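Q: Residue numbers (the working numbering): 17 to 450.
For every residue, glycine included, the Cβ atom is placed at its ideal position computed from N, Cα and C.
Just so it is clear, the structure is predicted and the values come from calculations on it, not from any experiment.
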Ligand SMILES: Cc1cc2nc3c(=O)[nH]c(=O)nc-3n(C[C@H](O)[C@H](O)[C@H](O)COP(=O)(O)OP(=O)(O)OC[C@H]3O[C@@H](n4cnc5c(N)ncnc54)[C@H](O)[C@@H]3O)c2cc1C
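#1: Between which residues of its own chain and residue 136 is the CB-CB distance below 6 Å, once the five residues before and five after are set aside?
#2: Could you check if residue 211 belongs to the surroundings of ligand 1, using beta carbon to heavy atom distance under 8 Å?
#3: Could you check whether residue 29 and residue 240 sit closer than 9 Å to each other, using their CB atoms as the reference points?
#4: Thinking just about the alpha-carbon of each residue, which of 20, 27, 38 is nearest to the one in residue 397?
#5: Does at least one heavy atom of ligand 1 sit under 8 Å from the Cβ of residue 51?
#6: Would you give the residue range spanned by the alpha helix (DSSP H) that residue 247 belongs to?
#7: Using C-beta distances below 8 Å, list every residue in its chain close to residue 253, excluding the 5 sequence neighbours before and after it, in chain order.
#8: What are the start and end residues of each continuous beta strand (DSSP E) run of 3 or more residues lying completely inside the stretch 164-198, in chain order?
#9: For the beta strand (DSSP E) containing residue 217, name the first residue and the last one.
#10: Regarding residue 354 and ligand 1, is the C-beta to nearest heavy atom distance less than 8 Å?
#11: Measure the CB-CB distance between residue 149 and residue 138 and report whether it falls below 9 Å.
#12: Work out the CA separation of residue 162 and residue 183 for me, nearest whole Å.
#13: Please state whether DSSP places residue 310 in a helix, a strand or coil.
#14: Ligand 1 heavy atoms versus the CB of residue 392: any closer than 8 Å?
#15: Tell whether a beta-carbon distance below 9 Å holds between residue 391 and residue 83.
#16: Along the chain, where does the beta strand (DSSP E) containing residue 111 start, and where does it finish?
#17: Measuring straight from C-alpha to C-alpha, what distance separates residue 393 and residue 299?
#18: Kindly indicate which three-state DSSP category residue 323 falls into: helix, strand or coil?
#19: Just reading off the alpha helix (DSSP H) that residue 81 is part of, what are its end residues?
#20: What residues are listed by DSSP as bridge partners for residue 268?
#21: Might you give, ordered along the chain, the residues of its own chain that have their beta carbon closer than 8 Å to the beta carbon of residue 22, omitting 5 neighbours on each side?
#22: Give the DSSP bridge partners of residue 46, in chain order.
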């Protein structure tokens, strides 16, 4: 006999677990299923877990701001005891440099203003006073490492920055997923690991469950695709990809793990830095280290890949990123040994996520998180449940988008903003910044 649930969630990353937790809280009999051996072992395991509030649209800031409060009060959100302990939000602040590409942060500051998020504008001199290890020369726009202009200042100082004190990181993203799992289980939710979904079952014109690799069928009238970089594969299994205007693809990313300059206590003095002038973002890491990721500047070739068949080694990109960061932090050591990680983003055409229903009744998706939705997972979970409940009750979300009330920022979120049927959003940064 096939097992039956009210809802099956494909994926146990930070967003898959959030959806499971919220559905279980509402009384749904849920099953989170993952082909990996434990929660948070997919792309969530390698996230930089930065919780920052700056986005290019008010909707982006609102979701990040709302989620921020859940991270601040994580045990209350999880609502259960985890024998492994609880993930912890650590405040570091975040400096964002102004440049031509980000329109000198005009949209970002307007969006922060709209949500009443505090920030301070700093000129080059004030940046150097605040972060004495930083060089404020302008190097952008970024070029590839072989270019004769690489590492050469382009004249004058950067055009200032903003500093947002309320920003930070989550110390253990995998543990955060385990916490959500325990929260979900406390409401009767179940988890199945080492089980690869190979088919989305259909009956009477709607989703009816899943088939896993060993041939077992598990039935549920609701199936939610939260499979991260594999999202397009699961959408294809369900036969819903052709009906989407905005699609998803997997993008290779490399994050460098390097020691901070010896004379700097980076865990005490450092901050998150989002720096389009050099094409990198960075954050303090335990043990006086720095994590450096790419902001994917226009000069770099993006490596779109098959998530089941790609080169998981570092490439020339690793050294490029460290050398770019060394333009801003001149004393940064550039180690010979490459340390860090290689993983994938699940990217949409406009780098904004898709939180939506699909053309197949009963089949939903929380996908295309574009390298920037770890922080928003708690709200994404709540938003998806609101959407599922309304659509299952007959609401025509495609023509009359469901609104979701965000209790902390006291503002409605129009879930239609994240529609699979939207036109490409021109206000996006078209990068990991969202
Ligand atoms: C290098 C890197 C750095 C990042 N940094 C940040 C950051 O600083 N801040 C931020 O907010 N966001 C960041 N992100 C983005 C963030 O981590 C993701 O948006 C988020 O973790 C996605 O969670 P998820 O639950 O949607 O997907 P995932 O964590 O990828 O989970 C999907 C799960 O689905 C499972 N799955 C896939 N296919 C199948 C199948 N057929 N059957 C069964 N299971 C399947 C996978 O095994 C996986 O466990 C970063 C991402 C990366 C890769």
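A: Taking the coordinates as given:
#1: 179
#2: yes
#3: no
#4: 38
#5: Relative to ligand 1, residue 51 has its C-beta within less than 8 Å of a heavy atom.
#6: 247-254
#7: 213, 214, 215, 216
#8: 177-180, 184-186
#9: Start and end: 213-219.
#10: No, since every heavy atom of ligand 1 falls outside the 8 Å radius drawn around the Cβ of residue 354.
#11: no
#12: 35 Å
#13: strand
#14: yes
#15: yes
#16: Under the DSSP assignment, residue 111 falls in the beta strand (DSSP E) whose first and last residues are 110-113.
#17: 20 Å
#18: coil
#19: Per DSSP, residue 81 belongs to the alpha helix (DSSP H) from 74-88.
#20: 360
#21: For residue 22, where only same-chain residues beyond five positions count, the Cβ hits under 8 Å are 39, 44, 45, 46, 236, 237, 238.
#22: For residue 46, which the question treats as bridged, DSSP gives the partners 23.
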